[in-house]
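Asker:
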Amino acid sequence: MLDIGFISKDGSLTNSVELTEDFYLWLAKSEFSKIGKSVRRKIQIDGEEDKLSVVQLSKGNSKKLKAFFRDEVVRESEAVITKLGDSPSKEEYQAGTYRLRKLHELLKCVENENYQYLQRI
């Protein structure tokens with residue numbers, strides 16, 4: 059599993075979204091990887107200072123990331139509806155909706171104004 063982290067400006071609020079390697083690789087090859095530039099910054103998390111490579115969630119970056127995730131949620135929703143049909147099993151449902159659930163989770167984090175930085179690795 060790989061993570062994408064979200065960090066508040068003062069490091070008091072953090073969240074990480076765990077992703078499968080396949081999903082992470084898809085993100086790395088998508089427009090997601092082109093939004094914002096990773097910069098090494100000193101960030102204090104839980105009282106300890108660390109130098110992390112992060113993308114600042116400025117208005118511009120945040121707006122682009124929100125648009126990217128919303129567009130992908132729409133595309134993935136359409137794919138899920140087509141793929142799952144009328145009565146999928148629990149396993150089919152869980153496997154078929156994984157990407158959609160993760161896209162929503164990432165979108166919620168980007169929309170949370172408390173997070174100021176995104177850490178891709």
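Numbering (the working numbering), first residue to last: 59 to 179. Every residue gets a Cβ at the ideal spot worked out from N, C-alpha and C, and that includes glycine.
Under the rule that 16 or more other beta-carbon atoms within 10 Å means buried, what is Leu83, buried or exposed?
Answerer: For the purposes of this step, residue 83 is identified with residue 25 of the sequence shown, where counting begins at 1. Exposed, since its Cβ has fewer than 16 Cβ neighbours within 10 Å.
Asker: For Glu55, is the classification buried or exposed, using 16 other Cβ atoms within 10 angstroms of its Cβ as the cut-off for buried?
Answerer: Lying before the first or after the last residue shown, residue 55 is absent from the chain, which here runs from 59 to 179.
Asker: Do the region 93 to 112 and the region 133 to 151 touch if we need at least three Cβ pairs shorter than 8 Å?
Answerer: no
Asker: Using a Cβ-Cβ cutoff of less than 8 Å, which residues in the same chain neighbour Gly69 once the five nearest sequence positions on both sides are dropped?
Answerer: Locating residue 69 in the sequence shown gives position 11, counting from the first residue. Contacts found: Ile101, Gln102, Ile103, Asp104.
Asker: Quick check for students: name the residue ranges of the beta strand (DSSP E) that lie wholly in the region 75 to 147, counting only runs of 3 or more.
Answerer: Complete beta strand (DSSP E) runs here, min 3: 97 to 103, 106 to 114.
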